[in-house]
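Residue numbers (our numbering), protein chains in the order written: chain A, 50 to 833; chain B, 6 to 291.
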Amino acid sequence: MRGTIGASLPRPDAFGKVTGETRYPADLVRPGMLHLKVVFAGRPHARILGIDTAAALRQPGVVAVLTAADVPYNAHGLIEDDQPVLCAVGEKVRFAGDKVALVAAESREAAAAGASLVVVTYEDLPAATDPRAALAADAPLVHDRHGSNQLLHLPIRKGTIERGFAEADIVLDGTFSTSWQEHAFLQPEAGIAEVDEQGRLVVETAGQWLHEDRRQIAKILGLPEERVIVRYAAIGGAFGGREDLSIQHLLALAAWTLRRPVALIWSREESIVAHHKRHPMEIRCRWGATYDGRITAVEAEVIADGGAYASTSAEVVKVATLFASGCYEVPHIAADGYAVYTNNVPSGAFRGFGAPQAQFAAEVMVTRLAHTIGMDPVELRRRNIYREGSLEPTQQPLPPGVSALPVLERCVEEAQVHLGYGLAPQSLPATTSLVAESVEADQTATGSLTPRSARGAGNGRHSPSHLRRGVGIACGIKNVGYSFGYPEQSTATVELHGGGDIERAVVRVGAADVGQGSHLALRQIAAETLGVAPGTVEMVCDDSAEAPDAGSASASRMTLMGGRAVRDAAIEALAKWRDTDDLHVEATVQYRPPATTPLAAGTGASQPNYCYGYAAQAVEVEVSLLTGQVQVLRIISVHDVGRAINHQQVEGQIEGCLAQALGYALLEHFQVRDGRVLTPYLSTYLLPTALDMPTEIVPVILELSDPNGPYGARGVAEMPLVPLTPAIAAAIHDATGVWLTQQPMTPERILTALNVGTALEKGSSNEITTTIDTKSTVTAHASK
Amino acid sequence: MFPSQFDYYRPSSLQEAIGLLGANPDAKVLAGGHSLLPAMKLRLTMPGALVDLSHIPELRGINVNGGVTIGAMTTYDEIEVSAELQQRVPMLAEAAAVVGDPHVRARGTIGGSLAHSDPAADLTAVFLALGGEVTAVGSNGERIIGADDLFVDLLTTSLQPDEVITQIKIPLTGRTAMAYEKQEHPASGYAIVGVAAVLTLRDGDHCESARLAVTGCTSKATRLTAAEDALSGQSLNEETITRAAQAASEGLEVNGDLYASEEYRRHLVTVITGRTLRRATGAITR
Ligand SMILES: Cc1cc2nc3c(=O)[nH]c(=O)nc-3n(C[C@H](O)[C@H](O)[C@H](O)COP(=O)(O)OP(=O)(O)OC[C@H]3O[C@@H](n4cnc5c(N)ncnc54)[C@H](O)[C@@H]3O)c2cc1C
Numbered sequence: 050m051r052g053t054i055g056a057s058l059p060r061p062d063a064f065g066k067v068t069g070e071t072r073y074p075a076d077l078v079r080p081g082m083l084h085l086k087v088v089f090a091g092r093p094h095a096r097i098l099g100i101d102t103a104a105a106l107r108q109p110g111v112v113a114v115l116t117a118a119d120v121p122y123n124a125h126g127l128i129e130d131d132q133p134v135l136c137a138v139g140e141k142v143r144f145a146g147d148k149v150a151l152v153a154a155e156s157r158e159a160a161a162a163g164a165s166l167v168v169v170t171y172e173d174l175p176a177a178t179d180p181r182a183a184l185a186a187d188a189p190l191v192h193d194r195h196g197s198n199q200l201l202h203l204p205i206r207k208g209t210i211e212r213g214f215a216e217a218d219i220v221l222d223g224t225f226s227t228s229w230q231e232h233a234f235l236q237p238e239a240g241i242a243e244v245d246e247q248g249r250l251v252v253e254t255a256g257q258w259l260h261e262d263r264r265q266i267a268k269i270l271g272l273p274e275e276r277v278i279v280r281y282a283a284i285g286g287a288f289g290g291r292e293d294l295s296i297q298h299l300l301a302l303a304a305w306t307l308r309r310p311v312a313l314i315w316s317r318e319e320s321i322v323a324h325h326k327r328h329p330m331e332i333r334c335r336w337g338a339t340y341d342g343r344i345t346a347v348e349a350e351v352i353a354d355g356g357a358y359a360s361t362s363a364e365v366v367k368v369a370t371l372f373a374s375g376c377y378e379v380p381h382i383a384a385d386g387y388a389v390y391t392n393n394v395p396s397g398a399f400r401g402f403g404a405p406q407a408q409f410a411a412e413v414m415v416t417r418l419a420h421t422i423g424m425d426p427v428e429l430r431r432r433n434i435y436r437e438g439s440l441e442p443t444q445q446p447l448p449p450g451v452s453a454l455p456v457l458e459r460c461v462e463e464a465q466v467h468l469g470y471g472l473a474p475q476s477l478p479a480t481t482s483l484v485a486e487s488v489e490a491d492q493t494a495t496g497s498l499t500p501r502s503a504r505g506a507g508n509g510r511h512s513p514s515h516l517r518r519g520v521g522i523a524c525g526i527k528n529v530g531y532s533f534g535y536p537e538q539s540t541a542t543v544e545l546h547g548g549g550d551i552e553r554a555v556v557r558v559g560a561a562d563v564g565q566g567s568h569l570a571l572r573q574i575a576a577e578t579l580g581v582a583p584g585t586v587e588m589v590c591d592d593s594a595e596a597p598d599a600g601s602a603s604a605s606r607m608t609l610m611g612g613r614a615v616r617d618a619a620i621e622a623l624a625k626w627r628d629t630d631d632l633h634v635e636a637t638v639q640y641r642p643p644a645t646t647p648l649a650a651g652t653g654a655s656q657p658n659y660c661y662g663y664a665a666q667a668v669e670v671e672v673s674l675l676t677g678q679v680q681v682l683r684i685i686s687v688h689d690v691g692r693a694i695n696h697q698q699v700e701g702q703i704e705g706c707l708a709q710a711l712g713y714a715l716l717e718h719f720q721v722r723d724g725r726v727l728t729p730y731l732s733t734y735l736l737p738t739a740l741d742m743p744t745e746i747v748p749v750i751l752e753l754s755d756p757n758g759p760y761g762a763r764g765v766a767e768m769p770l771v772p773l774t775p776a777i778a779a780a781i782h783d784a785t786g787v788w789l790t791q792q793p794m795t796p797e798r799i800l801t802a803l804n805v806g807t808a809l810e811k812g813s814s815n816e817i818t819t820t821i822d823t824k825s826t827v828t829a830h831a832s833k
Numbered sequence: 006m007f008p009s010q011f012d013y014y015r016p017s018s019l020q021e022a023i024g025l026l027g028a029n030p031d032a033k034v035l036a037g038g039h040s041l042l043p044a045m046k047l048r049l050t051m052p053g054a055l056v057d058l059s060h061i062p063e064l065r066g067i068n069v070n071g072g073v074t075i076g077a078m079t080t081y082d083e084i085e086v087s088a089e090l091q092q093r094v095p096m097l098a099e100a101a102a103v104v105g106d107p108h109v110r111a112r113g114t115i116g117g118s119l120a121h122s123d124p125a126a127d128l129t130a131v132f133l134a135l136g137g138e139v140t141a142v143g144s145n146g147e148r149i150i151g152a153d154d155l156f157v158d159l160l161t162t163s164l165q166p167d168e169v170i171t172q173i174k175i176p177l178t179g180r181t182a183m184a185y186e187k188q189e190h191p192a193s194g195y196a197i198v199g200v201a202a203v204l205t206l207r208d209g210d211h212c213e214s215a216r217l218a219v220t221g222c223t224s225k226a227t228r229l230t231a232a233e234d235a236l237s238g239q240s241l242n243e244e245t246i247t248r249a250a251q252a253a254s255e256g257l258e259v260n261g262d263l264y265a266s267e268e269y270r271r272h273l274v275t276v277i278t279g280r281t282l283r284r285a286t287g288a289i290t291r
């Protein structure tokens with residue numbers, strides 16, 4: 050039906066979700082099923098000397114204790130099969146969340162009791178828990194066979210870095226560090242599995258990619274893929290956290306081995322300890338620019354803690370290294386990315402996939418460069434930002450449809466309207482004495498308004514209050530879809546039924562709706578293409594045997610890739626329909642986007658991606674100089690989505706992602722000591738709530754067509770996470786004069802930075818021009 | 006997680022409760038359950054029996070009459086909305102209003118809070134600053150425990166295992182100014198640092214004596230004696246307040262945790278003490 054594209058149709062799944070009718074995986078558990086409980090290693094690095102299951106088997110209700118000996122092919126992974134399903138005697142456990150045994154029992158209580166009776170004897174081994182130290186020649190090896198802990202070293206070279214710095218008038222160094230981030234989806238891992246009447250293994254759970262789960266399960270059990278069916282119940286969020294196998298293969302193993310229906314539900318603690326996280330990264334970089342605002346050189350070293358298993362670390366680090374220079378065309382680049390094995394929790398996919406870490410560094414550096422040369426940070430961005438035809442660090446022109454500049458310009462316009470950005474003369478940010486309690490006496494109330502005209506100009510100096518406001522702007526880029534030569538594809542089948550008119554259309558596309566609303570978006574695309582009402586279109590998406598492979602619901606790709614496959618299949622089905630009198634036609638189309646290429650050894654030269662999403666954000670914050678607490682007051686988030694298939698859903702993605710981004714920037718402090726997770730509860734790992742979010746969020750949707758996307762659509766799901774941390778860092782700097790270089794920017798870290806800043810200010814007669822971070826140094830020098 | 010097995014008793018009189026506690030040496034008193042039940046689920050404590058006080062009417066209620074008497078089973082909610090408390094001991098009503106979240110305030114009790122001696126509880130510091138006392142009844146009869154003698158250490162009080170707090174008494178002295186301020190933990194609402202202050206006034210803004218107590222950063226609610234000394238006998242102004250705030254953490258044993266280090270908390274003691282004193286004195290009409 051015409052006009053379906055863009056319409057904010059209500060979500061068909063919304064009613065069930067708010068009334069509680071919707072069945073999530075944990076709701077599928079039926080009486081009579083066996084309950085599973087995992088015996089975790091609980092230690093970061095050790096050799097298993099023995100596993101004694103006798104006592105557990107004597108526990109009433111316990112039916113079986115599965116160990117590595119029960120696993121036909123005991124290795125899996127999205128890229129590399131380096132993770133055991135269950136760790137074997139004589140082999141090692143490599144992180145605290147490694148799995149050693151699987152207890153099956155008639156009740157949850159019996160399974161838990163049985164698990165506590167499994168006796169595993171270990172020989173503890175020295176652990177590698179710091180990625181930089183893990184690269185040393187004498188570091189303990191996480192994977193003995195690998196020979197070193199370096200999982201990947203990726204050099205990207207463009208131009209001649211020495212020339213780039215020689216051309217620069219000023220050069221700045223920076224060091225940035227980020228921590229893990231937990232996906233914290235609402236619904237921890239859960240599922241059921243059984244063998245059906247036809248002897249097929251059926252696993253019902255939540256994931257992001259039916260056919261990849263199926264591939265890995267079949268491989269582990271030595272079964273043909275058709276013998277395995279993966280179905281997804283309602284998925285309670287994913288964010289990349291359901292890309293790696295967590296429990297899917299355990300359910301499959303138990304159901305197949307024991308020939309009984311089985312269920313497994315993880316607690317929040319099990320979920321946090323056992324599934325992969327966002328990569329912590331340390332980024333050291335050096336940027337050079339001329340006084341007239343040309344960024345001439347970027348040198349960067351990115352070290353990522355990959356944890357115990359490969360997961361998608363190599364790809365994440367490639368993305369981070371590619372974005373070490375942000376969304377700016379820089380002629381001379383030398384970036385080196387390292388993915389490192391450690392005995393920490395494995396790192397893998399998480400919304401943004403390496404882009405947020407890299408661009409925290411890049412965006413802060415660009416703003417610092419601007420301050421140093423005395424140029425408006427927006428103007429410096431304008432002069433260097435990607436344009437149509439710009440060469441990437443990989444030396445190829447960007448894929449067509451580059452909208453970084455219009456996105457930035459729109460953000461600036463909105464920031465002028467909503468934040469008064471740039472309306473007051475830029476003055477230098479002020480730092481104040483910290484324990485200036487007297488200023489608090491004058492404080493009227495939190496949220497006291499500073500005159501609009503003064504906002505965004507380091508206005509704190511004129512305020513008697515200990516609360517300082519500031520505004521920050523940052524840009525972001527993130528690839529849509531799989532990169533670096535991956536055989537990217539998405540397949541869909543469209544069936545049309547009816548006499549003269551299409552009475553019923555069935556769209557088969559194995560696309561996970563992780564909560565983002567992909568099923569409705571794909572339905573709208575089908576309805577528009579077929580010229581039918583959305584209600585006429587039936588979606589079959591959640592069964593690997595009933596729907597073809599649409600690829601992963603990740604990398605912001607499903608609307609573009611799955612949507613394009615649906616659209617192309619619909620066009621083909623429609624053509625057949627017009628050519629025939631049959632009451633049923635069917636068309637299956639595999640869509641393959643323009644090819645990408647692998648990164649060349651030594652230089653990284655390649656066509657890394659076929660599409661990018663561009664974002665820009667402006668934020669206003671209020672910082673307490675006394676406690677270091679930050680309140681984000683306003684966020685403007687501008688995105689080119691190519692075409693909004695469902696406007697409301699796009700806004701939902703932006704707003705939801707901003708909550709996750711704000712948590713990342715300010716709150717979510719995942720702490721690990723000696724390989725042990727110290728924050729396995731939501732009482733210690735802080736998530737943002739409605740009260741942490743600003744009252745004013747302005748999502749701005751631009752629709753500058755992508756040449757390949759269905760109706761011009763490109764992805765949006767990850768992009769809001771990319772610029773927010775550096776935008777908030779810039780706003781904090783605007784308010785207080787100090788730069789934060791560690792994520793998350795907790796009150797304590799802010800206060801520490803303020804203290805250092807105050808000390809520096811007192812000790813120097815010069816005005817502080819750029820930076821006062823603890824870790825980075827300013828080396829402003831005139832070249833030649 | 007599930008607690009270990011336990012027996013459950015719901016006596017309808019204090020005498021019966023004391024009897025049950027005497028007969029079950031591994032029993033614990035259950036009040037609002039908002040500290041006890043989480044600890045049981047984590048198996049940090051595994052009492053063999055719970056003696057639920059919720060059906061003993063004499064343990065509930067607020068009585069303002071010369072002094073203030075509050076039944077141990079009175080909830081935060083009831084304290085928060087009590088017009089008499091709002092007027093006579095405003096700090097207590099204000100502090101009850103910032104405990105945790107609405108669920109916690111609907112169930113949690115003042116007696117439970119004091120008996121638990123959580124290092125980050127709010128009412129412990131408030132009670133200490135107010136110089137209150139509790140009535141404890143056990144198999145050996147009744148005794149009065151003063152605020153300075155109740156809190157012994159982390160989660161430890163001077164109550165005997167078979168003793169029940171029945172009521173809390175707050176003295177009402179002449180002219181006072183009081184306030185409670187905290188910086189709260191973002192997830193739980195517990196105090197990172199909370200400071201309660203009661204200033205006894207004479208002749209306008211002259212501070213005759215001061216009682217200040219801190220919570221959230223020490224193993225138990227603790228008097229801020231250095232700050233008290235800095236204020237006693239002084240007239241209250243920006244200078245004396247700043248001096249008291251700066252002195253506040255002197256000699257204090259401050260603990261850090263995953264959320265906030267010792268150093269940060271120590272700094273907050275100064276900030277929050279200043280904030281508390283400014284709000285307390287801001288209300289003084291001169
Ligand atoms: C999510 C959450 C957030 C919270 N946030 C805060 C906060 O911000 N500030 C705060 O102060 N507290 C907070 N609490 C704790 C809450 O206030 C508790 O209710 C309180 O600490 C204990 O009171 P209770 O009535 O629930 O006691 P219970 O949990 O029932 O008992 C606690 C202990 O005291 C003993 N006990 C109880 N009553 C008596 C009595 N009359 N005589 C002798 N012994 C007794 C019990 O045996 C037990 O050992 C929070 C709790 C939760 C779950």
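Where is the CB? At the ideal position from N, CA and C, for every residue including glycine.
Computed from a predicted model, the values in this text were never measured in an experiment.
Sequence-ordered contacts of the stretch 177-205 of chain B with chain A read Q188, P191, A192, S193 [C-beta pairs closer than 8 Å]. Excluding the 5 residues flanking it on each side, A/K86 has same chain C-beta neighbours closer than 6 Å at V152, A160, A161, A164, in chain order. Between A/A183 and A/A177, the gap from beta carbon to beta carbon is short of 7 Å. Residue range 67-70 is occupied by the beta strand (DSSP E) that includes B/I67. Distances taken from the Cβ of B/I170 to the heavy atoms of ligand 1 include one shorter than 6 Å. In this structure, the beta-carbon distance from A/I210 to A/H467 does not fall below 7 Å.
Comparing C-alpha distances from A/I266 to each of A/L302, A/S655, A/L454, A/A650 shows the shortest one belongs to A/L302. Under the Cβ criterion of 7 Å, B/L49 is not counted among the residues facing chain A.
Contact between the stretch 164-176 of chain B and the stretch 248-261 of chain B is absent: fewer than three C-beta pairs spanning the two stretches fall below 8 Å. Assigned with DSSP and collapsed to three states, A/S360 falls in coil, not helix or strand. Residue-level contact check: A/T733 touches chain B, since one or more beta carbons of chain B fall below 7 Å from its beta carbon. Taking C-alpha positions only, A/E752 is separated from A/A346 by approximately 32 Å. Sequence-distant partners of A/K141 (beyond 5 residues in either direction) whose C-beta falls short of 6 Å from its own C-beta, in its chain, are R96.
For the options A/R517, A/V413, A/I574, A/G146, the alpha carbon positioned closest to that of A/A56 is the one of A/I574. No heavy atom of ligand 1 is found nearer than 6 Å to the CB of B/D12. Under the 10 Å beta carbon count, B/D153 is surrounded by fewer than 16 other beta carbons and is classified as exposed. The way I'd put it, the stretch 362-374 of chain A doesn't touch the stretch 536-543 of chain A; fewer than three beta-carbon pairs between them come closer than 8 Å.
DSSP places A/K326 in the strand class (E or B) of the three-state scheme.
In this structure, A/W229 is the residue among A/W229, A/D173, A/V220 with its C-alpha nearest to the C-alpha of A/Q791. Counting along the chain, A/C460 sits inside the alpha helix (DSSP H) bounded by residues 453-468.
The closest CA to that of A/Q236, considering only A/P442, A/I332, A/A287, is found on A/A287. Within chain B, no residue has its CB atom less than 9 Å from the CB of A/E319, the nearest being about 11 Å off.
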